[in-house]
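>
2 protein chains.
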Amino acid sequence: MTAERPYHHGGLRRAVLDAAVEVITEHGVSGLGLRDLARRVGVSHAGPVHHFKDKAGVLTALATEGFTLLAEDLEATRTAGGDFVEVGTAYVRFAIEHRAHFEVMFRPDLYHADDPAVTLARDRAGAVLAGGVADRSDPGLASAAAWSIVHGFATLWNAGALTRPGQDPVELGRAVAGYLSRT
Amino acid sequence: MTAERPYHHGGLRRAVLDAAVEVITEHGVSGLGLRDLARRVGVSHAGPVHHFKDKAGVLTALATEGFTLLAEDLEATRTAGGDFVEVGTAYVRFAIEHRAHFEVMFRPDLYHADDPAVTLARDRAGAVLAGGVADRSDPGLASAAAWSIVHGFATLWNAGALTRPGQDPVELGRAVAGYLSRT
DNA sequence: TCGCGAACTTTACAGTGGCAAGATTGCCTC
DNA sequence: GAGGCAATCTTGCCACTGTAAAGTTCGCGA
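For the protein sequence lines, the chains are G and S, in the order given. With the first sequence counted from 1, adding 991 to any position gets you the numbering used here. With the second sequence counted from 1, adding 991 to any position gets you the numbering used here.
1. Would you say residue 1014 (chain S) lies against chain G (beta-carbon separation less than 9 Å)?
2. Taking just the CA atoms, how far does residue 1033 (chain S) sit from residue 1130 (chain G)?
3. Please report whether the beta-carbon of residue 1159 (chain G) lies at a distance below 9 Å from any beta-carbon of chain S.
4. Have a look at G:1007, G:1150, G:1009 and flag the residue whose alpha-carbon is nearest the alpha-carbon of residue 1086 (chain G).
5. Whole angstroms is fine: what's the gap from residue 1159 (chain G)'s alpha carbon to residue 1144 (chain G)'s?
6. Can you give me the C-alpha to C-alpha distance between residue 1112 (chain S) and residue 1005 (chain G), rounded to a whole angstrom?
7. Please confirm whether residue 1090 (chain G) has its beta-carbon closer than 9 Å to some beta-carbon of chain S.
8. Am I right that residue 1136 (chain G) and residue 1171 (chain G) are in contact with their C-beta atoms under 8 Å? What's the rounded C-beta distance?
9. Report the option in S:1161, S:1096, S:1084 whose CA atom is closest to the CA atom of residue 1201 (chain S).
10. With DSSP run on the structure shown, which of helix, strand or coil describes residue 1130 (chain S)?
11. Among the candidates S:1118, S:1089, S:1142, S:1025, whose CA atom is the shortest distance from the CA of residue 1069 (chain S)?
12. For residue 1014 (chain S) versus residue 1022 (chain S), is the C-beta distance shorter than 9 Å?
13. Specify, as a first and last residue, the run of the alpha helix (DSSP H) that residue 1103 (chain S) falls within.
14. In the region 1054 to 1082 of chain G, which residues sit with their C-beta less than 7 Å from some C-beta in chain S, listed in chain order?
15. Fully enclosed by the region 1045 to 1095 of chain S, which alpha helix (DSSP H) runs are 4 residues long or longer?
16. Helix, strand or coil, according to DSSP, for residue 1107 (chain S) in the structure here?
17. Cβ atoms of residue 1101 (chain S) and residue 1042 (chain S): under 9 Å apart, would you say?
18. I want to verify the contact list: residues of chain G whose CB lies under 8 Å from the CB of residue 1170 (chain S), in sequence order.
19. Grab the span of the alpha helix (DSSP H) containing residue 1027 (chain S) for me, first residue to last.
20. Is there a C-beta anywhere in chain S that falls below 9 Å from the one on residue 1084 (chain G)?
21. Would residue 1010 (chain G) pass as an interface residue toward chain S - the criterion being a Cβ-Cβ separation below 9 Å?
22. Would you mind stating whether residue 1109 (chain G) and residue 1055 (chain G) have Cβ atoms separated by less than 9 Å?
23. Is residue 1103 (chain S) close to chain G? Criterion is C-beta to C-beta, closer than 9 Å.
24. Between residue 1106 (chain S) and the rest of its own chain, which residues show a CB-CB distance below 6 Å, the 5 nearest in sequence each way excluded?
25. Select from the region 1032 to 1049 of chain G all residues with a C-beta closer than 9 Å to any C-beta belonging to chain S, and list them in chain order.
26. Compute the beta-carbon to beta-carbon distance between residue 1080 (chain G) and residue 1164 (chain G), rounded to the nearest angstrom, for a pair I have assumed lies under 8 Å.
27. Roughly how many angstroms separate the alpha carbons of residue 1142 (chain G) and residue 1152 (chain G), rounded to a whole number?
28. What does a CB cutoff of less than 6 Å around residue 1031 (chain G) pick up in its chain, not counting 5 residues either side in sequence?
29. Residue 1065 (chain S) and residue 1132 (chain S) look like a contact to me (Cβ under 8 Å); what is the Cβ gap, rounded to whole Å?
30. With a 10 Å radius around its C-beta and 16 neighbouring C-beta atoms as the bar for buried, classify residue 1067 (chain S) as buried or exposed.
31. Between G:1000, G:1156, G:1146, G:1138, which lies nearest to residue 1076 (chain G) when the distance is taken from Cα to Cα?
32. Cβ of residue 1094 (chain S) within 9 Å of Cβ of residue 1020 (chain S)?
33. Quick check: the Cα distance between residue 1045 (chain G) and residue 1103 (chain G), rounded to an integer number of angstroms?
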């Protein structure tokens, strides 16, 4: 014991973000506290401020990270030759595996939504989503429908509104997404 | 002036709920404060406690009210002979017109989700949603898909992720819901 | 008329987010 | 190696929040 922690933490930023993910996954974003995060990481209550400025700053960083991860996931399945159902399934998988990130990403009232980094990441993810629909008559509408069905499924599942006993949510999501492509 | 307010407010419960809707609509549920609500209504900061017990109690009441209103809307359009697209459109309309209620309803970490009144109202709304699908092969899956697409559209719209210049969201929602019924 | 319970107020306390000023450290330059 | 500088972290503070407990006012039925 007596692991005298050094004055400089080293990876404070990363540690705070990880702790935030843990808290949000367990208690929801409403249970997030800046001081509590600092305690978990073993740092004084104002430690994180230097890296994030705000509580909203922490969530901004989380949202940015989330959109970036999502964009990478979607781009990967797309370039691997995946059709809409595959990309939609990847969307659902992301929402379930990165529940904390996902929850923050679509609550722009919680973070600095006009931050350059986050808007960039969001646009990148949006571009993949918009470009993957087959309907040529009204691409905007078709992509809205596609986004809606996978996003709705993911949201409802994470809110606990869709629980089906003993069913894998990702496979269920794939089946739901499949409903749209039978056109 | 000097409208000496009486010791007893009279309709405190209703007034607090209305104020909460106003605050959430403007600043999101993260901007909601119990003391702020009391101030807006013109009552001491502990006034609302007697009616709601908690801050979560206020949100529980709001969620209950929301699910009840939604159930009534959906039942009405159903009994008026509406098909899935009509019921789905009603769902979207509700989410947009009662944005504050809708935002709270699907954030069970914010309120007492196991409260008897709210579970009752939620089940009632759920029953209407589950019973309105045409697909006989797998009704559960079909209703999940139906719920997902309208819920996703409503959520994304309210989050500001789907803005189309000068388009009526309800009509857009109807078009999106229509994508699913072309089976 | 009286009293009882519901509705509201007052007071108090622990905890929160944000800010300012100070302490500590690694690093870069000479 | 020595000195200085900027990044990093701490301490102390303030206004504010939610919640609990005890006191005050009022409507209403016996």
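Where is the CB? At the ideal position from N, CA and C, for every residue including glycine.
In this structure, then:
1. In the second sequence, residue 1014 (chain S) corresponds to position 23, counting from 1. So no, residue 1014 (chain S) is outside the interface.
2. For the purposes of this step, residue 1130 (chain G) is identified with residue 139 of the first sequence, where counting begins at 1. For the purposes of this step, residue 1033 (chain S) is identified with residue 42 of the second sequence, where counting begins at 1. Straight-line Cα distance between these residues: approximately 51 Å.
3. On the first sequence, residue 1159 (chain G) is found 168 positions in, with the first residue counted as 1. Chain S, which has no Cβ nearer than 9 Å to the Cβ of residue 1159 (chain G), makes this no.
4. Counting from one through the first sequence, the residue named residue 1086 (chain G) turns up at place 95. Per the Cα distances, G:1150.
5. In the first sequence, residue 1159 (chain G) corresponds to position 168, counting from 1. In the first sequence, residue 1144 (chain G) corresponds to position 153, counting from 1. C-alpha separation (whole angstroms): 13 Å.
6. On the second sequence, position 121 is the one that residue 1112 (chain S) refers to. On the first sequence, position 14 is the one that residue 1005 (chain G) refers to. Taken atom to atom, the span from the alpha-carbon of residue 1112 (chain S) to that of residue 1005 (chain G) is near 42 Å.
7. Sequence index remark: in the first sequence, residue 1090 (chain G) carries index 99 (1-based). So no, residue 1090 (chain G) is outside the interface.
8. By 1-based counting over the first sequence, the position of residue 1136 (chain G) is 145. By 1-based counting over the first sequence, the position of residue 1171 (chain G) is 180. Sure, about 6 Å apart at Cβ, within 8 Å.
9. No statement about residue 1201 (chain S) is possible, as the shown extent of chain S runs from 992 to 1174 and does not include it.
10. For the purposes of this step, residue 1130 (chain S) is taken as the residue at position 139 of the second sequence. Three-state DSSP puts residue 1130 (chain S) in a helix.
11. Translated into positions along the second sequence, residue 1069 (chain S) becomes position 78. Taking residue 1069 (chain S) as reference, the option from S:1118, S:1089, S:1142, S:1025 with the minimal CA-CA separation is S:1118.
12. By 1-based counting over the second sequence, the position of residue 1014 (chain S) is 23. By 1-based counting over the second sequence, the position of residue 1022 (chain S) is 31. The answer is yes: Cβ separation under 9 Å.
13. For the purposes of this step, residue 1103 (chain S) is identified with residue 112 of the second sequence, where counting begins at 1. No alpha helix (DSSP H) contains residue 1103 (chain S), which DSSP labels as neither H nor E.
14. none
15. 1046 to 1070, 1075 to 1088
16. As a position in the second sequence, residue 1107 (chain S) is number 116, starting the count at 1. If DSSP states are grouped into helix, strand and coil, residue 1107 (chain S) belongs with the helices.
17. By 1-based counting over the second sequence, the position of residue 1042 (chain S) is 51. By 1-based counting over the second sequence, the position of residue 1101 (chain S) is 110. Contact flag unset, no.
18. Taking the first residue of the second sequence as position 1, residue 1170 (chain S) is located at position 179. Neighbours of residue 1170 (chain S) on chain G, chain order: 1132, 1133, 1136, 1171, 1174.
19. Stepping through the second sequence from its first residue, residue 1027 (chain S) is reached at position 36. Looking at the DSSP string, the run of the alpha helix (DSSP H) that includes residue 1027 (chain S) is 1025 to 1032.
20. Working through the first sequence from its first residue, we reach residue 1084 (chain G) at position 93. Chain S contact via Cβ: absent.
21. As a working note, residue 1010 (chain G) is residue 19 in the first sequence. Chain S, which has no Cβ nearer than 9 Å to the Cβ of residue 1010 (chain G), makes this no.
22. For this step, residue 1109 (chain G) is matched to residue 118 along the first sequence. For this step, residue 1055 (chain G) is matched to residue 64 along the first sequence. Contact: yes.
23. As a working mapping, residue 1103 (chain S) is identified with position 112 in the second sequence. No - not a single Cβ of chain G is within 9 Å of the one on residue 1103 (chain S).
24. If you number the second sequence from 1, residue 1106 (chain S) lands on position 115. The answer, listed in chain order, is 1051.
25. For chain S, none of the residues of the region 1032 to 1049 of chain G brings a beta carbon within less than 9 Å of one of its beta carbons.
26. The residue given as residue 1080 (chain G) occupies position 89 in the first sequence. The residue given as residue 1164 (chain G) occupies position 173 in the first sequence. 6 Å between Cβ atoms; contact.
27. Against the first sequence, residue 1142 (chain G) aligns to sequence position 151. Against the first sequence, residue 1152 (chain G) aligns to sequence position 161. If you take the alpha carbons of residue 1142 (chain G) and residue 1152 (chain G), they lie about 14 Å apart.
28. As a first step, residue 1031 (chain G) must be located in the first sequence, where it is residue number 40. Taken in chain order, the residues that qualify are 1010.
29. By one-based count along the second sequence, residue 1065 (chain S) stands at place 74. By one-based count along the second sequence, residue 1132 (chain S) stands at place 141. Their Cβ separation, rounded to whole angstroms, is 20 Å, which puts residue 1065 (chain S) and residue 1132 (chain S) out of contact at 8 Å.
30. One-based indexing of the second sequence puts residue 1067 (chain S) at position 76. Looking at its Cβ environment, which holds fewer than 16 other Cβ atoms inside 10 Å, residue 1067 (chain S) is exposed.
31. Translated into the one-based positions of the first sequence, residue 1076 (chain G) becomes position 85. Cα-wise, what sits closest to residue 1076 (chain G) is G:1138.
32. Within the second sequence, residue 1094 (chain S) is the residue found at index 103, counting from 1. Within the second sequence, residue 1020 (chain S) is the residue found at index 29, counting from 1. Yes.
33. Within the first sequence, the letter at position 54 stands for residue 1045 (chain G). Within the first sequence, the letter at position 112 stands for residue 1103 (chain G). Those two C-alpha atoms are separated by around 10 Å.
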